[in-house]
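Sequential numbering from 329 applies to the sequence shown in the numbering used here. Idealized CB from N, CA, C, for every residue including glycine. Because the structure is a prediction, the values reported are computed rather than measured. See structure below.
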Amino acid sequence: MNDSEFLQYLKDKDTIEKMVYQYASALDQRDWALLPPMAIDDMQFNYGGVVEGNSPDAWVTMIRSNLDGCGPSQHLFSNVRINTDYSEEANHTASAAFYGRVMHAGKGDERNILFDFWGEYRCQLIRVHDDNLLGWRFSKVEQVPFHFTGDMKILKSQ
Numbered sequence: 329m330n331d332s333e334f335l336q337y338l339k340d341k342d343t344i345e346k347m348v349y350q351y352a353s354a355l356d357q358r359d360w361a362l363l364p365p366m367a368i369d370d371m372q373f374n375y376g377g378v379v380e381g382n383s384p385d386a387w388v389t390m391i392r393s394n395l396d397g398c399g400p401s402q403h404l405f406s407n408v409r410i411n412t413d414y415s416e417e418a419n420h421t422a423s424a425a426f427y428g429r430v431m432h433a434g435k436g437d438e439r440n441i442l443f444d445f446w447g448e449y450r451c452q453l454i455r456v457h458d459d460n461l462l463g464w465r466f467s468k469v470e471q472v473p474f475h476f477t478g479d480m481k482i483l484k485s486q
């Protein structure tokens, strides 16, 4: 890898890492408008092998079905590993894997109930080029659970 390629990798790695952390912030702040621009139109998602979908709107709907009815959450993402593939000039791709530790709290009468998730997110990304956009977007998001504790009943729609 020459200096120019290495510099491009560092820029892309920084952009993708910021996107991963923006994803966590969007979930915890319930800022749903941040999510669709992170994904391509036909993105695929699979959470725990249980919930699947194939569009940014379905992705947001699924996330909201779990978080809109619970109290605060904290999505802690770490150990971000990014690989890029520049082999096809017009269609750069990347993969990002990162650990997720997510604490959910109930609200109202359930505020003392917690649900804690430990797992890994495995994502595929594609570089998007058009007149208004130059950056990375999720083409696939997979959540793989390792362990969880607490009561999932607090994950629900309003």
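{"Asked": "Who are TRP464's beta bridge partners in DSSP?", "Found": "ARG455"}
{"Asked": "Below 8 Å on the Cβ atoms is my guess for ILE482 versus ILE410; work out the distance and round it to an integer in Å.", "Found": "Not quite, the Cβ-Cβ distance comes to about 32 Å (not below 8 Å), so this is no contact."}
{"Asked": "Assess, as a yes-or-no matter, whether the stretch 448 to 456 is touched by the stretch 353 to 364 under the definition of 3 or more beta carbon pairs within less than 8 Å.", "Found": "no"}
{"Asked": "Do you know how far the Cα of VAL408 is from the Cα of SER467?", "Found": "17 Å"}
{"Asked": "Tell me whether the beta-carbon of HIS403 lies closer than 7 Å to the beta-carbon of ALA352.", "Found": "yes"}
{"Asked": "Start and end of the beta strand (DSSP E) containing MET431?", "Found": "421 to 433"}
{"Asked": "Taking the C-alpha atoms as reference points, what is the distance between SER415 and ARG465?", "Found": "18 Å"}
{"Asked": "Any idea if PRO384 is buried or exposed, counting beta-carbon neighbours within 10 angstroms, 16 or more meaning buried?", "Found": "buried"}
{"Asked": "Measure the CB-CB distance between PHE443 and ASP479 and report whether it falls below 7 Å.", "Found": "yes"}
{"Asked": "Cutting at 6 Å between CB atoms, please list the residues of its own chain near VAL469, excluding the five before and the five after it.", "Found": "PHE373 and CYS451"}
{"Asked": "What does the Cβ neighbour count give for PHE426, buried or exposed, with the cut at 16 atoms within 10 Å?", "Found": "buried"}
{"Asked": "Could you tell me the alpha carbon to alpha carbon distance between ALA422 and TYR337, rounded to whole angstroms?", "Found": "10 Å"}
{"Asked": "In angstroms, rounded to a whole number, what distance separates the CA positions of LEU363 and ASP331?", "Found": "33 Å"}
{"Asked": "How big is the Cα-Cα spacing for ASP340 and GLU438?", "Found": "42 Å"}
{"Asked": "Only counting the same chain, and skipping five residues up and downstream in sequence, which positions put a Cβ closer than 6 Å to that of PHE405?", "Found": "VAL348, ALA352, PHE426 and GLY428"}
{"Asked": "Between GLY376 and PRO473, what straight-line distance do the alpha-carbon atoms span, to the nearest angstrom?", "Found": "6 Å"}
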